[in-house]
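J.:
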Amino acid sequence: MLHKRCYRKSNTYGFPEETSDMALVSHEGLIQQPSKKLRVIKDSLTCPDGSKCPNGQTCCKDSTDAYACCPMPEATCCEDRVHCCPKGYTCDTSKGSCKQGNSSIALAVKEPTFSQVREFSVPEPDVSENNSIPCPGGAVSCPNQYTCCEIQSGGYGCCPMSQAVCCADRIHCCPHNYRCDVQAGTCTKGDKVLAWFSKQPAISKQVAAPLPENKVTCPDRSTCPSGQTCCENRLGHYACCPLPRAVCCSDKMHCCPEDYTCDVGSGTCSQGTDILTWFTKAPSTPAPVVREVTCPDHSTCPSGQTCCADQEGGYSCCPLPQAVCCSDKLHCCPEGYTCDVSAGRCNKGEHVLTFFKKQPSKPVTAAVGDIMCPDQSTCPSESTCCEDEEGHYECCPLPEAVCCSDKLHCCPTGFICDVSAGKCNMSSVVISWFTKQPSKSAPVLRDTTCPDQSTCPSGQTCCEDQQGGYACCPLPQAVCCSDKLHCCPEGYTCDVSAGRLHCCPSGYTCDVSAGRCNKGNEFVALFTKQPAIPALAVNDVVCPDQSSCPSGSTCCETEEGGYGCCPLLNAVCCSDKVHCCPEGYTCDVSQGTCNKGKDTLAFVKKQPATPAPAVSDVTCPDQSVCPSGSTCCLNQQGGYGCCPVPHVR
40 MLHKRCYRKS NTYGFPEETS DMALVSHEGL IQQPSKKLRV IKDSLTCPDG SKCPNGQTCC
100 KDSTDAYACC PMPEATCCED RVHCCPKGYT CDTSKGSCKQ GNSSIALAVK EPTFSQVREF
160 SVPEPDVSEN NSIPCPGGAV SCPNQYTCCE IQSGGYGCCP MSQAVCCADR IHCCPHNYRC
220 DVQAGTCTKG DKVLAWFSKQ PAISKQVAAP LPENKVTCPD RSTCPSGQTC CENRLGHYAC
280 CPLPRAVCCS DKMHCCPEDY TCDVGSGTCS QGTDILTWFT KAPSTPAPVV REVTCPDHST
340 CPSGQTCCAD QEGGYSCCPL PQAVCCSDKL HCCPEGYTCD VSAGRCNKGE HVLTFFKKQP
400 SKPVTAAVGD IMCPDQSTCP SESTCCEDEE GHYECCPLPE AVCCSDKLHC CPTGFICDVS
460 AGKCNMSSVV ISWFTKQPSK SAPVLRDTTC PDQSTCPSGQ TCCEDQQGGY ACCPLPQAVC
520 CSDKLHCCPE GYTCDVSAGR LHCCPSGYTC DVSAGRCNKG NEFVALFTKQ PAIPALAVND
580 VVCPDQSSCP SGSTCCETEE GGYGCCPLLN AVCCSDKVHC CPEGYTCDVS QGTCNKGKDT
640 LAFVKKQPAT PAPAVSDVTC PDQSVCPSGS TCCLNQQGGY GCCPVPHVR
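Each residue of the sequence shown is one higher than the one before, counting from 40 in this note's numbering.
#1: In the structure shown, what three-state DSSP assignment does Cys-671 receive?
#2: Using the Cβ count rule (16 or more neighbours within 10 Å means buried), how would you classify Gln-191?
#3: Rounded to the nearest angstrom, what separates Cys-511 and Cys-671 at their Cα positions?
#4: Going by DSSP, which residues form a beta bridge with Ser-136?
#5: What does a CB cutoff of less than 8 Å around Thr-423 pick up in its chain, not counting 5 residues either side in sequence?
#6: Should Leu-673 be labelled buried (16 or more other beta-carbon atoms within 10 Å of its own) or exposed?
#7: Ends of the beta strand (DSSP E) at Arg-218?
#8: List the DSSP bridge partners of His-215.
#9: Using only CA atoms, which one of Gln-676, Ile-470 and Cys-371 lies nearest to Asp-349?
#10: For Pro-589, does the count of other Cβ atoms within 10 angstroms reach 16, so buried, or fall short, so exposed?
#11: Whose C-alpha, out of Pro-281, Asp-259, Ser-201 and Leu-282, is nearest the C-alpha of Leu-274?
#12: To the nearest angstrom, report how far apart Glu-622 and Gln-675 are at their CA atoms.
#13: Relative to the C-alpha of His-215, which residue among Pro-419, Ala-203, Gln-222 and Asp-208 is closest?
#14: Straight-line CA distance for Gly-583 to Cys-633?
#15: For Ser-493, which three-state DSSP category applies?
#16: Within this structure, are the beta carbons of Cys-108 and Thr-115 separated by less than 9 Å?
#17: Could you give the C-beta distance for Asp-88 and Tyr-106, rounded to a whole number, given that I count them as a contact under 8 Å?
#18: In whole angstroms, give me the CA-to-CA distance for Gln-415 and Tyr-602.
#19: Assign Met-465 to one of two classes, buried (16 or more other C-beta atoms within 10 Å of its C-beta) or exposed (fewer than that).
#20: For Ile-190, which residues does DSSP report across the bridge?
#21: Taking the beta strand (DSSP E) that Gln-310 falls in, what are its first and last residues?
#22: Spatial neighbours of Pro-581 within its chain, please: C-beta separation below 6 Å, excluding the five flanking residues on both sides.
#23: Within 10 angstroms of its Cβ, does Thr-132 collect 16 or more other Cβ (buried), or is it exposed?
#24: Rounded to a whole number of angstroms, what is the C-alpha to C-alpha distance between Cys-86 and Cys-123?
#25: State the Cα-Cα distance for the pair Lys-262 and Leu-514, rounded to the nearest angstrom.
#26: Where does His-122 sit, in a helix, a strand or coil, going by DSSP?
#27: Please determine, among Gly-388, Cys-357, Ser-366 and Val-121, the residue with the shortest C-alpha to C-alpha distance to Tyr-376.
#28: So, at 6 Å on beta carbons, what are the nonlocal neighbours of Thr-312 in its own chain, with the 5 sequence-adjacent residues on each side left out?
#29: Out of Gly-352, Asp-336, Ala-362 and Cys-665, point me to the one whose CA is closest to Gly-343's CA.
#30: Quick check on the burial criterion: 16 or more other C-beta atoms within 10 angstroms. Buried or exposed for Val-380?
#31: Three-state secondary structure (DSSP) at Ser-366?
#32: Within the same chain, show all residues whose beta-carbon is closer than 6 Å to that of Lys-616, passing over the 5 residues directly before and after it, in chain order.
#33: Starting from the C-beta of Asp-457, find all residues in its chain whose C-beta is less than 6 Å away, skip the five residues before and the five after it, and write them out in chain order.
Written out as structure tokens, the structure is:
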């Protein structure tokens with residue numbers, strides 16, 4: 040379990056050339072989580088004093104007679120109670136190395152982070168008043184074996200180790216007997232260099248809550264403790280390797296330190312002549328289910344916000360939990376505060392805050408002002424679509440925001456993301472960055488409601504029929520023909536003269552005698568519509584993915600890998616997988632035209648195919664058939680046609 044902060048001139052770790060022995064793994068002051076009752080850890084190892092270490096590690100007594108965790112299975116605990124060595128090795132504390140026969144392994148003092156690598160496993164902190172350390176002033180306390188350190192706001196935070204050194208920046212701390220190097224962000228003790236520790240919030244006497252912990256978010260939204268690595272498991276989910284920037288092994292059960300190679304056959308991690316037992320991953324914490332708040336008018340606000348009545352009689356969202364809604368129906372205040380509408384502020388004794396402005400709630404259907412993201416999901420107005428780690432999009436609650444490179448956070452416009460510090464910077468102004476919210480998935484299309492309140496399937500067009508009602512044209516935004524029986528694709532005109540039924544593109548004229556559509560020197564063959572399906576004669580065109588297109592059209596592959604319908608018989612499918620051309624023409628994708636000699640036509644756009652039906656076709660009384668979900672209706676010739684609506688009269 041090595042880290043690049045270690046140094047050895049002869050390899051990537053830069054350990055001093057004068058010794059190639061294994062540097063002892065120090066657990067002095069390196070703490071993961073004190074006491075594991077703050078979170079559930081499956082398959083953890085219980086030490087003799089009741090504290091716990093992750094499975095695959097070893098409990099070793101420390102200098103205080105408590106137990107710490109050596110990050111190796113069945114490790115050798117050294118007599119100095121500070122270091123440990125891998126199984127089968129012996130401790131040589133005088134040389135600071137681990138040896139096995141004539142061989143030695145070059146390890147260095149690892150750079151720990153909170154919840155990482157070599158950890159103290161101190162007794163479980165009892166955050167009750169009788170078992171916590173009161174900080175100066177008595178207003179807050181820290182768990183037993185923590186240290187109270189002053190923070191920048193003037194209060195106190197908790198350093199996760201006993202007798203710690205509080206650093207001058209009032210943010211970090213170092214183990215006992217170490218010195219803070221504020222410029223380097225490290226803790227030093229002689230030649231030993233450790234990354235410094237961030238303090239945790241102190242515990243109010245009134246609320247003894249568990250300490251929050253920094254987490255690593257995995258691609259499936261589960262989390263691992265800070266300083267660990269998300270590795271995919273055999274179920275396709277993610278587990279936690281107890282090492283930073285670890286190598287995930289191909290067996291999807293184990294992992295190795297950075298720059299090591301997994302040897303699945305022997306169950307080891309290797310780097311040149313260095314060989315370590317590999318590490319077992321621990322389960323990650325599932326992503327929490329975030330639910331929206333439903334307002335009385337059935338609109339919704341994000342989780343953790345409050346519905347407040349607005350001036351229009353609906354509801355808006357106050358960006359605070361259990362907020363106080365002000366009487367002006369525009370603003371709100373935090374819980375426990377009162378609204379001072381005349382002064383535009385929130386009051387609580389001597390505390391005065393500026394009013395909070397409410398945001399629009401999310402209506403039952405997508406709001407007109409929603410922002411459409413590139414993946415067709417939507418974000419509320421005045422927010423920004425930012426790509427997430429999976430390539431989808433989430434919502435930054437700021438207009439024209441800067442999306443940070445970690446794909447989790449964002450900053451206001453004009454600011455720069457400081458990913459290492461978790462801040463937004465603009466010159467000397469530094470603010471905390473913002474966490475993105477999930478976007479709203481692309482809505483599921485619903486049936487089209489006709490003027491007489493009948494409905495047509497999504498993607499079809501209501502056209503008036505000869506009975507004074509409405510029928511469904513199986514095309515979106517179609518042109519309804521004057522005979523009230525037929526329809527043409529969008530952008531086409533109907534020619535019902537002489538009882539012949541043709542469609543020509545918009546801007547063309549029908550030349551029925553020549554069987555073509557004319558526009559200046561350009562022409563294209565007429566598109567003859569198909570009647571309702573006679574007995575077994577004309578059926579929908581079944582595409583390779585079992586979706587279907589109307590008879591007389593052509594299945595063409597789409598960009599998404601499915602199929603769409605070109606409204607032309609025997610059409611040519613263009614390589615852009617969006618358009619098509621008539622038979623005999625070639626696609627000019629760069630110009631967006633169909634070419635045949637000197638004839639040039641505009642591209643024809645494909646329509647969505649109909650998914651494969653779940654049930655069989657409908658058989659009409661004359662034994663002709665109609666597609667499932669439609670109705671057999673008598674036509675003018677005494678036979679049957681298909682109305683694309685189920686159970687019509």
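All C-beta atoms, glycine included, are put in the ideal place defined by N, C-alpha and C.
Please read these numbers as outputs of a predicted model, since none were measured by experiment.
T.: Taking the geometry as given:
#1: strand
#2: exposed
#3: 13 Å
#4: Asp-131
#5: Ile-410, Cys-434, Cys-435, Leu-437, Pro-438, Glu-439, Ala-440, Cys-442 and Cys-449
#6: exposed
#7: 218–220
#8: Partner(s): none; His-215 has no beta bridge.
#9: Cys-371
#10: buried
#11: Asp-259
#12: 32 Å
#13: Ala-203
#14: One detail in the question is off: residue 583 reads as Pro in this sequence, not Gly. Rounded to the nearest angstrom, the two C-alpha atoms are 25 Å apart.
#15: coil
#16: no
#17: 5 Å
#18: 19 Å
#19: exposed
#20: Partner(s): none; Ile-190 has no beta bridge.
#21: 307–310
#22: For the record, residue 581 in the displayed sequence is Val; it is not Pro. Once the five neighbours on either side are set aside, the close Cβ partners of Val-581 are Ser-587.
#23: exposed
#24: 16 Å
#25: The sequence shown places Thr at residue 262, rather than the Lys named in the question. Taking the straight line from one Cα to the other gives about 46 Å.
#26: coil
#27: Gly-388
#28: none
#29: Ala-362
#30: exposed
#31: coil
#32: Glu-596, Thr-597 and Glu-598
#33: Asn-464
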